[in-house]
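Student: Numbering (this note's numbering), first residue to last: 82 to 388.
The structure under discussion is supplied below as structure tokens; questions concerning it will follow.
This is how it looks when you write it as structure tokens:
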């Protein structure tokens with residue numbers, strides 16, 4: 082009865098003021114977070130000359146999609162997109178499976194050398210051999226100039242294993258015990274019970290993995306220098322933007338110090354293309370994240386609360 086009265090009680094004037102201020106604050110905060118993406122987008126579809134002089138403020142003017150069309154005409158851009166999507170999907174899927182299974186195994190006390198294996202994985206979060214030994218190791222394994230060089234090194238991620246281990250330990254042990262009574266083994270328990278119940282933490286891992294693979298840039302430069310067809314989207318767009326910037330500098334230098342119309346056009350193209358590239362690279366993540374946010378919040382909080 083007390084709860085019903087409390088739930089049905091009307092808000093006082095102080096509560097109403099507090100809620101109004103609270104909602105207004107978070108509405109303004111949300112707008113402040115969303116506006117940079119909106120501003121970026123309207124600049125990519127507005128008239129390029131208006132963008133150059135800074136005339137685009139709150140709404141697009143002279144709407145066109147020429148910048149996106151021009152970006153799609155860049156050589157090998159389609160191949161770069163396929164490579165990036167392929168490594169993001171395959172790399173994230175394998176990372177999820179490996180993290181989930183290993184995180185489950187290290188919770189089993191009967192596992193041989195469980196503590197040694199777990200500590201050996203965790204210690205890699207704090208110590209590594211460095212870039213050159215890493216490259217030599219990748220070269221000896223035949224992963225330079227090889228698509229699997231993007232995928233294999235990221236399969237075992239210590240932080241993800243810690244998240245899964247913590248989450249699995251929060252699942253009631255009675256579920257496993259009842260399955261064992263029915264004759265289920267570790268693999269069947271993992272597939273039928275643990276994996277379905279671990280959706281929140283697996284969604285968290287999926288976000289981490291997808292964002293990491295999509296934005297990855299360094300490994301493409303170091304490992305795929307001999308295989309341009311395996312360049313990632315980030316690497317390919319970087320090359321394009323660098324070429325555009327150099328072209329504008331050469332045009333300015335060739336004009337005897339004065340900026341010619343061609344140089345202005347090149348500089349303008351570089352600015353608008355930079356904005357377009359930024360929009361293209363963040364758009365997939367912006368589209369995926371809202372659908373996984375509820376799982377992400379639950380999964381990351383469990384990893385933060387339990388040690």
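Every residue, glycine too, gets a C-beta built ideally from N, C-alpha and C.
Where residue 240 and residue 203 are concerned, what is the direct C-alpha to C-alpha distance, given to the nearest angstrom?
Tutor: Working through the chain shown from its first residue, we reach residue 240 at position 159. Working through the chain shown from its first residue, we reach residue 203 at position 122. C-alpha of residue 240 to C-alpha of residue 203: approximately 8 Å in a straight line.
Student: Could you work out which residue in 264, 183, 101 is closest to residue 198 when comparing CA atoms only?
Tutor: Residue mapping note: residue 198 aligns to position 117 of the chain shown, counting from 1. When only C-alpha atoms are compared, the closest one is 183.
Student: Quick check on DSSP: helix, strand or coil for residue 227?
Tutor: Position 146 of the chain shown, counted from the start, is the residue given in the question as residue 227. Residue 227: coil per DSSP, three-state reduction.
Student: For the stretch 107 to 125 against the stretch 353 to 371, are there 3 or more C-beta pairs whose distance is under 8 Å?
Tutor: Note that the stretch 107 to 125 touches the stretch 353 to 371; at least 3 beta-carbon pairs, one per stretch, sit closer than 8 Å.
Student: Below 8 Å on the Cβ atoms is my contact criterion, and I expect residue 175 with residue 236 to pass it. Report the Cβ-Cβ distance as a whole number of Å.
Tutor: Taking the first residue of the chain shown as position 1, residue 175 is located at position 94. Taking the first residue of the chain shown as position 1, residue 236 is located at position 155. About 5 Å; that satisfies the 8 Å criterion.
Student: Which residue wins for smallest C-alpha separation from residue 267, given the options 306, 186, 216?
Tutor: Counted from its first residue, the chain shown places residue 267 at position 186. For residue 267, the nearest C-alpha among the options comes from 186.
Student: Extract the residue ranges of the alpha helix (DSSP H) inside the stretch 117 to 189, only unbroken runs of 4 or more that lie entirely within it.
Tutor: 129 to 133, 147 to 153, 158 to 186
Student: Thinking C-alpha only, which one of 149, 238, 214 is nearest residue 205?
Tutor: Taking the chain shown and counting its residues from 1, the one referred to as residue 205 is at position 124. Of the candidates 149, 238, 214, the one whose C-alpha sits nearest the C-alpha of residue 205 is 238.
Student: Please name the residue, chosen from 248, 157, 147, that lies closest to residue 309 on a Cα-to-Cα basis.
Tutor: In the chain shown, residue 309 corresponds to position 228, counting from 1. Considering only alpha carbons, the answer is 157.
Student: Quick check on the DSSP output: the alpha helix (DSSP H) that includes residue 241 runs from which residue to which?
Tutor: Taking the chain shown and counting its residues from 1, one reaches residue 241 at position 160. Unbroken alpha helix (DSSP H) run through residue 241: 239 to 250.
Student: So for residue 384, helix, strand or coil by DSSP?
Tutor: Within the chain shown, the letter at position 303 stands for residue 384. Unreliable placement is indicated for residue 384, whose pLDDT of 48 sits below 50; the coordinate value is still reported in the next sentence. Correct three-state label for residue 384: helix.
Student: Which residues in the same chain have their Cβ closer than 6 Å to the Cβ of residue 363, if we skip the five residues on either side of it in sequence?
Tutor: Here residue 363 refers to the residue found at position 282 when the chain shown is read from its first residue. Excluding residues within five positions, none has a Cβ falling inside 6 Å.
Student: Would you mind sorting residue 189 into buried or exposed? The rule is 16 or more other CB atoms within 10 Å of its CB.
Tutor: Mapped onto the chain shown, residue 189 falls at position 108. Burial call: exposed.
Student: According to DSSP, simplified to helix, strand and coil, what is residue 214?
Tutor: Stepping through the chain shown from its first residue, residue 214 is reached at position 133. Three-state result, residue 214: helix.
Student: Can you check which of these residues, 284, 311, 296, is closest to residue 181 by C-alpha distance?
Tutor: Numbered from 1 along the chain shown, position 100 holds the residue referred to as residue 181. Ranking 284, 311, 296 by Cα distance to residue 181 puts 284 first.
Student: Just the Cα atoms here: how many angstroms apart are residue 276 and residue 93?
Tutor: Your numbering for residue 276 matches position 195 in the chain shown. Your numbering for residue 93 matches position 12 in the chain shown. Their backbone Cα atoms lie some 47 Å apart in a straight line.
Student: Suppose contacts are defined by Cβ-Cβ distances below 8 Å. Is residue 171 in contact with residue 232 by that definition?
Tutor: For the purposes of this step, residue 171 is identified with residue 90 of the chain shown, where counting begins at 1. For the purposes of this step, residue 232 is identified with residue 151 of the chain shown, where counting begins at 1. In contact: residue 171 and residue 232 (Cβ atoms closer than 8 Å).
Student: My understanding is that residue 257 touches residue 243, with C-beta atoms under 8 Å, so please give their C-beta distance in whole angstroms.
Tutor: Position 176 of the chain shown, counted from the start, is the residue given in the question as residue 257. Position 162 of the chain shown, counted from the start, is the residue given in the question as residue 243. Not a contact, Cβ separation roughly 20 Å.
Student: Is the beta carbon of residue 141 less than 8 Å from the beta carbon of residue 127?
Tutor: For the purposes of this step, residue 141 is taken as the residue at position 60 of the chain shown. For the purposes of this step, residue 127 is taken as the residue at position 46 of the chain shown. Yes, they are a contact pair.
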